[in-house]
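To keep things clear, I will list the structure first and then write my remarks on it.
Residue numbers (full-length UniProt numbering), protein chains in the order written: chain A, 1 to 520; chain B, 1 to 367.
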């Protein structure tokens, strides 16, 4: 749409945090009715840039201009004033929603727009306007429903409606699909296209290459704070974009053919946890030399399954058997040691909270699971030399970027923290690897590294359970995939026989019950 | 507008500099009430210094006062390192003293070689036993140990009073609520003739060294540090989180119990209900001033002790109330807590118009 007027102009935006430059002379413009995908690794400066646009941050240099409502002339926004950005028609949908859970959808949307007096008439008018908005945009929600009763996808729609209600002309969405099922994502992008056709200018932040290519008009790529590409989507390829993001050639690891071995781990009728996160009657058989993917939307029991296999959750019912050894009976909720000694390598979902002790050194974090083993202590006294030596070897072997083994672990980036976890768990030659969201929040390079390590473990004959919300990751790595929904695990089927839409439907709870042979 | 930016982990010089600066700030602030009392500030502080360091007698008095503070400071520092909030050192001190008196006043008649270690051990055991309850309640039922340990202080003090006015009262004490004196052979040896300084100081210094080695060089210390810094990751890594809490609780209580042993078996010779002028609580200040470092505890205990002893002496000379000592100690604690902020954050002053945006930025960065 070359003829469409420009509605947003970022000019030479630079933002520094101390010595770190988050945005380096970034210029971007957006036309009416255009969908721009802002692509980049974690830490590339995407969110910083959007926060500057929205007035949360003040840029050290550069200006943000938005087309004036009446004249259409680009007018500079005063820096650091979210209010001015709102007024000028910039709407933002954050990754973590900013809704009051105990109020209705209508209340949330009208919040802050009502005049102090005579709120009543404004409400009726607001409702009428919203109904009209919903009809035009195809975004439907029950306006009277409490936010806490809505699904994630519905909450997101409320957020978008909130922005539209305030006459947003530029809509910014920060990683909008991170919490959605594939079907919900498809619906979202259809809606966005409808809105764009009506003249809304849209920026969405993402690091998922597939959706970027499928749903945008133009792609801007940020790397280390610099804008490295601003190109039409037509003609862009996944590989090219990945290389632009990382700045080097990327090899996406693929899964070599390998016959699965004997059964290693079985769960039968396993139930654990309580409340919404509980898992019920899970049957699962993991073979050596295979990666078993567990797909599901966040919060459907994955965390409890991971905690069970980590030894942090007792088995309430059923059995957990590793190579004919009944482990389930011995679990009592503080049995991480039992699982480690039985040959489990556990990569926790929240690596900062469960993976490392941030204040302790890299060497100490590498040794923590085996601190009582003879190689690390004698008569209860730590063998510092041996611990440091092994740490240096691990730092080298796993390419942990740090200032040495004595540096505090919390100073490392997420990718390097994950490497610590990988190094200490995989070096022990585990029988079973439990990887819970192992690449969440990692950049392309670190993700590739994690994937390679998991495939290496598989090649060595370990059985890998890969719990992930990223279907691309699951389909590329897993030999078989099972879907978890509301704490129940469907049957594991060969990845070759599955496609994204089948998995998506099962993740949403359809067809799953039929497969499992029971009524939901 | 002020903005806080997180900084890199504090360097060693800054770790030492900050408590020293805090101590100086406390002395500066205390100058206000001193001058309000109409006394020359420099003169008052001169007298305080003399009172704590001016003569061999005052110096040994200061060391005598520091002895229980080192032990209660260690009790707090060790527990706090594991994030086990033992606020009950005062009660554990009395429990230790009570046990020492129970064992050492003739119930067992044995030569000193046997009786003295028995007295010391009984005191440590009693302190540890008192801490065991709150620790088990915390690890088994999740009961907040701040509440239980704090309230136990009053329970134990009342229990001690009951014993001193009942079964353990000295029949020769002319009705005073005090215990029988500890047998001569069970008294901790004096370190110097005609001075009150006693063997408890050796115990305290040895304990500081032992706790230092424990934390730095042993598997148990590793586990204590890991549990304290991130209990969730420690549990995930298979460390014995509950057992660590119980170990720390027993040890922490035992250290406070030893402080009680020193006071009765080293200093007073018998037990009264006013044995401790709040050594248990001051131990918390000592531990905080020391940054929970066992060697630092010794230094901080010497500082606090010299304030107390010096202020007593100054008060006698000038008429300024010796409550001033409490004031200085409290201000030192506040200064150190505030300085903790400076250790973790860099403070920036910025132009008002950018304020809103920057506070947002800062709050996001600290996440």
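Ideal Cβ positions, reconstructed from N, Cα and C, are used throughout, including at glycine.
- Counting of Cβ neighbours within 10 angstroms places residue 303 of chain B among the buried residues, the total reaching 16 or more.
- Considering only B/46, B/53, B/77 and B/39, the residue with the shortest C-alpha distance to residue 294 of chain B is B/77.
- For residue 482 of chain A, there is no enclosing alpha helix (DSSP H); the enclosing beta strand (DSSP E) has its first and last residue at 480 to 485.
- Residue ranges of uninterrupted beta strand (DSSP E) with 3 or more members, entirely inside the stretch 338 to 383 of chain A and ordered along the chain, are 344 to 347.
- Within chain A, no C-beta atom comes nearer than 8 Å to that of residue 85 of chain B; the closest sits roughly 18 Å away.
- For residue 360 of chain A, the nearest beta carbon of chain B is closer than 9 Å to its own beta carbon.
- Here residue 232 of chain A has 218 as same chain residues with Cβ atoms under 6 Å from its own Cβ, once five neighbours each way along the sequence are excluded.
- According to the DSSP secondary-structure assignment, residue 230 of chain A is paired through a beta bridge with A/220.
- Ranked by how close their Cα comes to the Cα of residue 57 of chain B, the residues B/148, B/139, B/181 and B/193 have B/193 in first place.
- DSSP places residue 334 of chain A outside any alpha helix (DSSP H), giving it a letter other than H or E.
- Cβ atoms of residue 175 of chain A and residue 95 of chain A come within 8 Å of each other, at about 5 Å.
- Contact of residue 334 of chain A with chain B is assigned, a C-beta pair being separated by under 9 Å.
- Exclusion of the five residues before and after residue 154 of chain A leaves 141 as the residues of its chain whose Cβ lies within less than 7 Å of its Cβ.
- Here residue 104 of chain A is bridged, per DSSP, to A/146.
- Sixteen is the threshold: since fewer than 16 other Cβ atoms of the shown chains lie within 10 Å of the Cβ of residue 214 of chain A, the residue is exposed.
- Excluding sequence positions up to five before and after residue 424 of chain A, its CB lies within less than 6 Å of the CB of 366 and 369, all in the same chain and listed in chain order.
- Every unbroken stretch of the alpha helix (DSSP H) spanning 4 or more residues and falling wholly within the stretch 59 to 119 of chain B is given here in chain order: 89 to 104.
- Residue 135 of chain A is classed as exposed because its beta carbon has fewer than 16 other beta carbons within 10 Å across all chains shown.
- For residue 28 of chain A and residue 137 of chain B, the gap between their C-alpha atoms comes out near 59 Å.
- Around residue 165 of chain B, no beta-carbon contact reaches into chain A at under 7 Å, the shortest distance being about 45 Å.
- From the beta-carbon of residue 180 of chain B, no residue of chain A is found nearer than 9 Å; the closest lies around 41 Å away.
- Counted as a single uninterrupted DSSP element, the beta strand (DSSP E) harbouring residue 202 of chain A occupies residues 201 to 206.
- One Cα belongs to residue 364 of chain A, the other to residue 387 of chain A, and the distance between them is close to 8 Å.
- Taking all protein chains in view, the Cβ of residue 403 of chain A is surrounded by fewer than 16 other Cβ atoms within 10 Å, so the residue is classified as exposed.
- In the three-state reduction of the DSSP assignment, residue 40 of chain B falls in the coil class, being assigned neither a helical nor a strand state.
- Going by DSSP, residue 269 of chain A is part of the beta strand (DSSP E) stretching over 263 to 272.
- Taking C-beta separations shorter than 6 Å and ignoring five residues to either side along the sequence, the partners of residue 228 of chain A in its chain run 221 and 244, following chain order.
- Nearest Cα to residue 466 of chain A within the set A/435, A/489 and A/487: A/435.
- Per the Cβ contact rule, the stretch 212 to 219 of chain B is not in contact with the stretch 307 to 314 of chain B (fewer than 3 Cβ pairs under 8 Å).
- The Cβ atoms of residue 66 of chain A and residue 44 of chain A do not sit closer than 9 Å to each other.
- Between the beta-carbon of residue 409 of chain A and that of residue 475 of chain A there is about 32 Å, and that puts the pair past the 8 Å contact cut.
- Within the model, the alpha-carbon separation for residue 283 of chain A versus residue 289 of chain A is close to 19 Å.
- Looking at the DSSP output, residue 172 of chain A sits in a beta bridge with A/92 and A/203.
- Judged by DSSP in its simplified three-state form, residue 258 of chain A adopts coil rather than helix or strand.
- Of A/197, A/185 and A/193, the smallest CA-CA separation from residue 206 of chain A is found for A/185.
- The C-beta of residue 7 of chain A comes no closer than 9 Å to any C-beta of chain B.
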